[in-house]
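Under the working numbering, the first residue of the sequence shown carries the number 1351, and numbering increases by one thereafter.
This report concerns only the one structure given below.
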Amino acid sequence: MLLTNANNSNNDVDKITNIINIIGSNVHSDTEQIRKDSKNIFNRLKSIFEDAKFVSEISNLLPYLPVIANERCGTWYVDPTKFGTQTYNHKTWCIIVDSTRRGKRIPDSQSKTIPIWCCTINNAVKKFRDSITLDSKVSKLHKPPESIQQPNGEAYLTRNDELDDEWDTEFHSLPSLISKSEHNQIASLIPQFVQKLLNSGFDIQSLSNKLKKPLRPLWFTPSSNIFLHNLPDYTSMPFYPVICLSASKMVESGVERRKGFLYVQGSADDHEMWAKGLIPPLFWKYHEEILNTYNFIECEKIVSQFIQQERLLKLHNSELSNDSFNFVGNTNIAIGNYKSASPPECWMNFDYIINCTPEPYTSNENTPPFPYNKNYLQLPIPEEENKRILIHCKQGIDRSCGIALAIMIEYFDDKGNFIKNGVNHQIIRKEYIQNKLLYILSYRTKANPTKSTLKKINIYFMS
């Protein structure tokens, strides 16, 4: 009898074990399927479109603020057909769009980076104005003018302007995201950041001219809906709002089943992993056709068709656009995209061209001032002054900016003056390279060299 009971007990244990194993196997299978579904282009684009509706809603509530997408991730949520052609009177205000993946409501770019920049800029402008010295006559009168006229005809506010008494120099952060100790730690670093900005060669005077009120970050997420219809009139506030708009809804697991698709928080992140070559402008150009597909197989197929179609259009469209290149200050060096080197128009704008892509314009290959070789780029530029040089890559964002940065480091001083024999390499440090990059960014705002490009430049000049 005891033996029978023992056998029955063992059988029950085996059954329970089998059930647990089956459940575990099913859970693993479901988890694996969700992981795969979260990476397919169909679910990603559906999720992006849903989040983009929230961006449009905020923009409609604040029509006087320009919408700016944070590079890479943020650009997917901003329809260029809606926001790309708008004009604004208040360019010191803006909505900056970004998103984040599972586990966060707001990305670090909005919870830390933007607030740090706002505070740094406010303090730099204040310090610049405080450094202004008035002539002895004005000092004795203790009644300085509202502004001081500069040689270039511009005027900037003096430190005694009444706005300066209320100028906000505090570091503002979200207590729900940034602890008090971290807040204080960041605030203690602001003076260092301010000094770096002032030493970088950035045109702080021009910024001071434009900034009549300090910048202040504010944060909106999809969970802010209860406050959205009671927004204050920011035009009457004592600061310029920098709206940090996190587009994605926070979901605990990072994914959530919706009707017809799997919602993925922060879908636009790591687009190289899922986009199949699709880029944001192309998505928004054909979003209706793409989103009308019923599954990821159809979606991938139509995306592939549109990508190929656009490539053919580009081959037949070599016209220069207004923003295809930008000169870097008075250096005669320009950074541009592939269109900027389109012949014959390019030779009306430039004397020399450095191509950073493997795809030269065929008609340029045999042009005397454009020696090109598939293995390396030769630059036999004669010693002539005031010749304009275009450095371009496909988009004018990464590689061409890296080449221009290397040239600026090697042959130009802090004021953009040409140094024929090159600068002394002993003065080149990481901060020196950062300052040169800031100088380029002030003229080529879309420049965004990758970490890999910057690392190579640092190794070359500092090793």
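C-beta: ideal position from N, C-alpha, C; glycine also.
Just so we're clear, the structure is a prediction, and the values are computed from it rather than from any experiment.
Where DSSP assigns a beta bridge to residue i, which residues make up the other side?
i        : result
Val-1614 : Val-1605
Tyr-1702 : Ile-1739
Asn-1676 : Ile-1685
Val-1447 : Ala-1419, Leu-1595
Trp-1569 : Cys-1594
Phe-1762 : Phe-1768
For the putative contact between residue i and residue j, defined by C-beta atoms under 8 Å, what is the C-beta separation to the nearest angstrom?
i        : j        : result
Leu-1561 : Pro-1591 : Between Pro-1591 and Leu-1561 the Cβ distance is about 13 Å, and since that is not below 8 Å, they are no contact.
Thr-1643 : Ile-1540 : In fact, because the Cβ distance is near 49 Å, the residues do not count as touching under 8 Å.
Asp-1764 : Arg-1738 : Going by Cβ atoms, the distance from Asp-1764 to Arg-1738 rounds to 22 Å, so no, they are not a contact pair.
Ile-1536 : Ile-1466 : 6 Å
Pro-1799 : Gly-1766 : Actually they are not in contact, since the Cβ atoms of Pro-1799 and Gly-1766 sit about 19 Å apart, beyond 8 Å.
Ser-1556 : Leu-1788 : Contact flag wrong, Cβ pair sits at about 14 Å.
Ile-1657 : Gly-1627 : 5 Å
Lys-1684 : Leu-1740 : Note that residue 1684 corresponds to Ala in the displayed sequence, not to Lys. Between Leu-1740 and Ala-1684 the Cβ distance is about 5 Å, and since that is below 8 Å, they are a contact.
Pro-1457 : Ser-1596 : 6 Å
Of the residues the options, which one's Cα is nearest the Cα of residue i?
i        : options                                : result
Cys-1423 : Gly-1752, Asn-1580, Asp-1619           : Asp-1619
Ala-1756 : Gln-1784, Glu-1622, Ser-1586, Pro-1457 : Gln-1784
Asn-1774 : Pro-1465, Phe-1811, Lys-1796, Gln-1542 : Phe-1811
Tyr-1584 : Lys-1599, Gly-1604, Lys-1563           : Lys-1563
Ile-1528 : Ser-1481, Arg-1394, Arg-1455           : Arg-1455
Gln-1655 : Asp-1748, Tyr-1793, Leu-1632           : Leu-1632
Gly-1746 : Asn-1676, Pro-1693, Glu-1695           : Asn-1676
Ser-1792 : Ser-1461, Asn-1473, Phe-1552, Asn-1420 : Phe-1552
Phe-1404 : Pro-1572, Pro-1630, Ser-1481, His-1621 : Pro-1572
Ile-1809 : Gln-1460, Lys-1786, Lys-1780, Ile-1790 : Lys-1780
Leu-1548 : Asn-1473, Met-1600, Phe-1589           : Asn-1473
Glu-1400 : Lys-1689, Asp-1429, Asn-1420           : Asp-1429
Ser-1459 : Gln-1776, Ser-1523, Lys-1689, Lys-1432 : Ser-1523
Pro-1630 : Thr-1431, Glu-1407, Ser-1674           : Thr-1431
Ser-1397 : Lys-1599, Lys-1635, Asn-1580           : Lys-1599
His-1637 : Ser-1388, Leu-1395, Lys-1386           : Leu-1395
Asn-1393 : Val-1475, Leu-1412, Cys-1649           : Cys-1649
Gln-1545 : Val-1475, Lys-1530, Phe-1589, Ser-1531 : Val-1475
Ser-1674 : Glu-1660, Arg-1661, Lys-1689           : Lys-1689
Ser-1325 : Phe-1570, Phe-1768, Cys-1468, Met-1623 : Because the chain here runs from 1351 to 1813, residue 1325 falls outside it and cannot be looked at.
Phe-1543 : Lys-1530, Ser-1531, Cys-1468, Lys-1609 : Cys-1468
Ser-1461 : Ser-1481, Pro-1525, Ile-1482, Asp-1480 : Pro-1525
Can you list, in chain order, the residues of its chain with a C-beta nearer than 8 Å to that of residue i? Leave out the 5 residues immediately preceding and following it.
i        : result
Arg-1822 : What is shown of the chain runs 1351 to 1813, which leaves residue 1822 out entirely.
Thr-1463 : none
Tyr-1782 : Ile-1759
Cys-1444 : Leu-1415, Pro-1416, Val-1417, Ile-1418, Val-1592, Ile-1593
Ser-1603 : Arg-1452
Ile-1704 : Leu-1727, Leu-1729, Ile-1739, Leu-1740, Ile-1741, His-1742, Ser-1750, Ile-1753
Phe-1589 : Asp-1518, Lys-1563, Pro-1564, Leu-1565, Arg-1566
Val-1601 : Arg-1452, Tyr-1613, Gln-1615
Ser-1409 : Leu-1415, Val-1417, Lys-1432, Phe-1433, Ile-1445
Note down, in chain order, each residue of its chain lying with its Cβ closer than 6 Å to the Cβ of residue i, except the 5 sequence neighbours on either side.
i        : result
Glu-1504 : Because the pLDDT of Glu-1504 is 38, which lies under 50, any placement of that residue in the model is unreliable, and the number read from its coordinates should be weighed accordingly. Taken in chain order, the residues that qualify are Asn-1559.
Arg-1749 : Cys-1706, Cys-1743
Ser-1813 : none
Pro-1501 : Unreliable positioning characterises Pro-1501 in this predicted model, as indicated by a pLDDT of 36, which lies under 50. The coordinate reading is nonetheless provided below. Cβ within range, chain order: n/a, list empty.
Phe-1478 : Ile-1554, Ser-1558
Asn-1390 : Phe-1646
His-1533 : Ser-1523
Trp-1624 : Lys-1389, Ile-1391, Arg-1394
By Cβ distance, which residues of its chain are closer than 7 Å to residue i, with the 5 residues on each side in sequence left out?
i        : result
Asn-1680 : Gly-1766
Leu-1804 : none
Ala-1754 : Val-1678, Ile-1683, Ile-1685, Ile-1741, Ile-1790
Val-1653 : Ile-1391, Lys-1626, Leu-1628, Ile-1640
Trp-1634 : Asp-1429, Pro-1430, Thr-1431
Gly-1772 : Glu-1760, Tyr-1761
Ile-1778 : Ile-1759, Phe-1811, Met-1812
Glu-1660 : Leu-1632
Thr-1795 : none
If we cut at 7 Å on Cβ distances, does residue i have a partner in chain C?
i        : result
Gln-1784 : Looking for chain C here will not work: only one protein chain is present.
For this session: Determine, using beta-carbon pairs with one atom in the stretch 1752-1761 and one in the stretch 1518-1534, whether at least three such pairs fall under 8 Å.
Result: no
For this session: Could you tell me whether the stretch 1449-1459 touches the stretch 1410-1430, where touching means 3 or more Cβ pairs closer than 8 Å?
Result: yes
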